[in-house]
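Some notes on the structure that comes next.
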Amino acid sequence: MVKKRIQQPDCKNGFLFDGFPRTLAQAEALEKISAVDAVINIEVPVERLIQRISGRRICPACGAAYHVSKKPDNTCDCGATLYQRDDDKEETVRNRLVVYERSTKPLIEYYANKGLLHTVNGDNEIDIVDAEICAVLAK
1 MVKKRIQQPD CKNGFLFDGF PRTLAQAEAL EKISAVDAVI NIEVPVERLI
51 QRISGRRICP ACGAAYHVSK KPDNTCDCGA TLYQRDDDKE ETVRNRLVVY
101 ERSTKPLIEY YANKGLLHTV NGDNEIDIVD AEICAVLAK
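Sequence positions in the sequence shown follow the UniProt record's numbering and run 1 to 139.
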């Protein structure tokens, strides 16, 4: 599926994956079908990550996403009541982090050893994170 997708005309000048590969086996398979130019690892302290994700609320009407710290009344600008996705519940987030530690974290060393890893501090303001990512991609 990945091979077919990256052969599409809109990927001719490059492409970006978000959340892939997640395992060493996937990384090795990817290398067989395409060169990897850079890998960006956005680091955020675990408790901050849990706070961010478990505080996310979604509008069922318009799809807007908010954090409870910005919308304590739990009401979207469109008037609908916000809800928390099951994937955003704290217990689920903690379970996903266990899977990350076991399956995905080894990719950091794998790509670092290849000289492809670029780590960005995801605890910075979003405009700083964006600028750092854009600088890596511009190389």
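By construction, the Cβ of each residue, glycine as well, lies at the ideal position given by its N, Cα and C atoms.
Member of the options whose CA lies at the smallest distance from the CA of residue i
i: I21; options: D88, T119, L49, V2; result: Just to set this straight, residue 21 is Pro in the shown sequence, not Ile. The candidate whose alpha carbon is nearest that of P21 is V2.
i: L97; options: R5, K4, S54; result: S54
i: C134; options: V36, I40, P45, V44; result: I40
i: L82; options: A64, R94, A25, K89; result: A64
Reduced DSSP secondary structure (H/G/I, E/B, other) of residue i
i: A138; result: helix
i: T119; result: strand
i: V2; result: helix
i: T75; result: strand
i: N41; result: strand
i: R22; result: coil
i: A27; result: helix
i: A65; result: strand
i: R48; result: helix
Pairwise C-alpha distance: residue j and residue i
i: I58; j: V136; result: 31 Å
i: L30; j: T92; result: 28 Å
i: D18; j: I42; result: 11 Å
i: N74; j: V68; result: 7 Å
Contact set for residue i: own chain, Cβ-Cβ below 7 Å, skip 5 residues either direction
i: R85; result: I58
i: R48; result: D123
Own chain partners of residue i with C-beta closer than 6 Å, once the 5 adjacent residues on each side are dropped
i: A61; result: C78, A80
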